[in-house]
Amino acid sequence: MKLMSFRHADRESFGAVVDDDVIDLSGPSGSPTLAEFIAGDSYAEREALVAQGNPIPLAEVTYLPVIPRPEKIVASVRNYMDHHQEALASGLKRELSDFPPIFLRVWRSQVAHEGAIIRPNVSETLDWEGELAVIIGPGGRDIPVESAWEHVAGYSIYNDASVREFQFHAKQIAAGKNFESTGGFGPWMVTADEIEPGRELKLETRLNDEVVQTGNTGQMIFGIPQLINYASTIFTLAPGDVIITGTPSGVGFSRKPQRYMKPGDVVEVEIEAIGILRNPIEAQK
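Mapping the sequence shown onto numbering that gives the first Met the number 0, position 201 (from 1) lands on 200, and the numbers just tick up by one.
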């Protein structure tokens, strides 16, 4: 099942995508947000709720980030070997670690499917990073690797866009990852029962229809269970938390000459079995 958050008639809601409609589930489920829905008892009855829900044409709604205001967005750094190697070739001195390198994004940095990714006025180094996003269902602390899949509610697509100039101001990278409206997230989440745990999914990023990244989630250095285990060692994972799992090679920073997204561009990230996340690029007003 595909679940999404949206705005319709000046009201935020969530629902299930069925053909060209979204079935509004906020009423029959009793949950005001998708994060609360996947945490509640009604989530197990979602197929029955779809039959009770109100269908709205997708063309009439405004997409919101899949989880509009997650408590935490945990992002993995250099989690594909080919991306790690291209960073080294570009002159970045980063060693592989025994533990997943992570940072946190804030929810205000997110933008929905079809929403504009904003290039800030202070920099022209806005780079693309297509990634698989994991949405947490049942939360927990110190989650063992062996049971980590039980905590996955579903999967989505993320463009973890980076303002490279600010990313390299210091040895931490969070500054370049948290500009407002730079993290594309959508269009929906595909529930975990639709994708077998550990299935390798093809990922492709396109800039103005040109393929700039091609990868496979099986190339991750630290897999989804390891990321969930490590993150939950540090803090309690909550329903609706998002883990973005790293990007393959092909980013603009590592190209010769370097290439970045600019106003007027359109970037798409497509992941097998999930869909296509599409965002135009606009300048900061």
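In this text, a Cβ means the ideal position worked out from N, Cα and C, and glycines have one as well.
With contacts defined by Cβ atoms closer than 8 angstroms, I223 and A147 form a contacting pair. The residues W106, in chain order, have a CB closer than 7 angstroms to that of R68 in the same chain once the five nearest residues on each side in sequence are set aside. Relative to F5, the option among V65, V17 and R45 whose CA is nearest is V65.
Comparing alpha carbon positions, the residue from T204, D20, F252 and N207 closest to Q84 is F252. By the neighbour-count criterion, in which a residue is buried when 16 or more other Cβ atoms sit within 10 angstroms of its Cβ, R10 is exposed. Between the stretch 36–56 and the stretch 12–27 there are three or more C-beta pairs closer than 8 angstroms, enough to call the two in contact. I37 has its alpha-carbon roughly 9 angstroms from the corresponding atom of A43. Closest by C-alpha distance to S155, out of R77, I135 and V189, is V189. In this structure the stretch 263–276 does not touch the stretch 95–109; the number of beta carbon pairs closer than 8 angstroms is below three.
Nearest C-alpha to F178 among L24, K255, I275 and L103: L103. Here H82 is buried. Its C-beta has 16 or more other C-beta atoms within 10 Å.
The Cβ atoms of S231 and F165 do not sit closer than 8 angstroms to each other. Taking every protein chain shown into account, the CB of I233 has fewer than 16 other CB atoms within 10 angstroms, so this residue is exposed. Within the same chain, and ignoring the five residues on either side of P186 in sequence, the residues whose Cβ sits closer than 7 angstroms to its Cβ are M3, Y62, H112, G274 and L276.
Counted as a single uninterrupted DSSP element, the alpha helix (DSSP H) harbouring E164 occupies residues R163 to Q166. Under the three-state reduction of DSSP, Q51 is assigned to helix. A direct Cα-Cα distance of roughly 44 angstroms separates P31 from R254. If the five residues before and after E128 are omitted, its C-beta is found closer than 7 angstroms to the C-beta atoms of N158, D159, A160, S161, T246 and V250, all from its own chain and listed in chain order. The closest CA to that of I227, considering only T216, D240 and N215, is found on D240. Just so you know, the alpha carbons of E203 and R118 end up roughly 22 angstroms apart. Taking every protein chain shown into account, the CB of P99 has 16 or more other CB atoms within 10 angstroms, so this residue is buried. Under the DSSP assignment, T244 falls outside any beta strand (DSSP E); it carries neither an H nor an E label.
E130 is positioned such that its CB atom lies closer than 8 angstroms to that of I243.
Judged by DSSP in its simplified three-state form, G26 adopts helix. The beta carbon of K1 lies closer than 6 angstroms to those of V16, W187 and V189 in the same chain, with the five residues before and after it left out. In this structure, L206 keeps its C-beta atom at 8 angstroms or more from the C-beta atom of D141.
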